[in-house]
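Q: Starting off with a structure, shown below.
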Amino acid sequence: MATPYEQTGRRNQKARTRQALVTAARLLLARGVTPTVEAAAEAAAVSRTTAYRYFPNQGALVVAAHPEIDRASLLPARGAPTDPRERLDLVVREATRIVVDWEAQLRASLRLSLEPGADPTAPVLRRGRVIGWICEALEPLAATHPDLDRRALAVAIRAATGIEAFVWLVDVAGLTRDEALASLRWTARAQLHAALQIGGPTPAAGSASRG
1 MATPYEQTGR
11 RNQKARTRQA
21 LVTAARLLLA
31 RGVTPTVEAA
41 AEAAAVSRTT
51 AYRYFPNQGA
61 LVVAAHPEID
71 RASLLPARGA
81 PTDPRERLDL
91 VVREATRIVV
101 DWEAQLRASL
111 RLSLEPGADP
121 TAPVLRRGRV
131 IGWICEALEP
141 LAATHPDLDR
151 RALAVAIRAA
161 TGIEAFVWLV
171 DVAGLTRDEA
181 LASLRWTARA
191 QLHAALQIGG
201 PTPAAGSASR
211 G
């Protein structure tokens, strides 16, 4: 396996250069521009040749600029509610806040994932964090609704409350961002209510690895 350029010699300096390129990319994204390697290099005052040593293409740069939300849980560390409805509402509120906070980066990732020839399994949008957070919110259902496939329900909730749904509500339906967030949160509550009343979705083959 080839060693990444920034991990060979002068590591500290290379780490600073890489971070400068990532920061430049994020600033461009915040302005509504999907950054190219050349644009990030110019903004970071780094030569194009050097920039390409870190990021061989635009996709790699956008992946690096993608939000790194490494939190294991979105529930409070202490005093988390036991009611799955309350737990889900807390998680979806925080997850949708992340969507707004990182909207530019997430939109850029979504655009690149939809380009002709893009690999739909590339790790731009498919990190699976949100599904894990939702699954944790639904854990109490293991005791009260043991036959309910909680992961399939989490996948369905994620599909209806992520950046893709947010973009449609804002760009196509014309909702304000606050209205879009309220709609996403209502949708999550409605999906859980429906699952408890009539049963959850049937899991699709391979759904466990997606997200």
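Throughout the sequence shown, residue numbering follows the UniProt record's numbering, covering 1 to 211 in sequence.
Beta carbons are placed, not taken as given, at the ideal position from N, Cα and C, and that holds for glycine.
#1: When you compare only the Cα positions, how much space is there between arginine 26 and glycine 79?
#2: Is it right to say glycine 199 is buried, meaning 16 or more other beta carbons lie within 10 angstroms of its own, or is it exposed?
#3: Please classify glutamine 191 as buried or exposed, where buried requires at least 16 other C-beta atoms within 10 Å of its C-beta.
#4: Beta-carbon separation of arginine 129 and arginine 185 under 8 Å?
#5: Pick out whichever of Trp168, Arg31, Leu90, Trp102 has its Cα sitting closest to the Cα of glutamate 136.
#6: Count Cβ pairs between the segment 37-57 and the segment 97-113 that sit closer than 8 Å; are there 3 or more?
#7: Leaving aside the five residues before and after proline 81 along the sequence, list all residues of the same chain whose C-beta is less than 6 Å from its C-beta, in chain order.
#8: Return helix, strand or coil for leucine 148, following the three-state DSSP convention.
A: Short version:
#1: Near 35 Å, if we compare the C-alpha coordinates of glycine 79 and arginine 26.
#2: The residue is exposed, with fewer than 16 neighbouring Cβ atoms inside 10 Å.
#3: Counting Cβ neighbours within 10 Å, glutamine 191 comes out buried, since at least 16 surround it.
#4: Contact: no.
#5: When each option's Cα is compared against that of glutamate 136, the closest is Leu90.
#6: Cβ pair count under 8 Å is below three, so no.
#7: If we look at proline 81 and ignore the five residues flanking it on each side, its Cβ neighbours are Arg87.
#8: In this structure, leucine 148 counts as coil in the three-state DSSP scheme.
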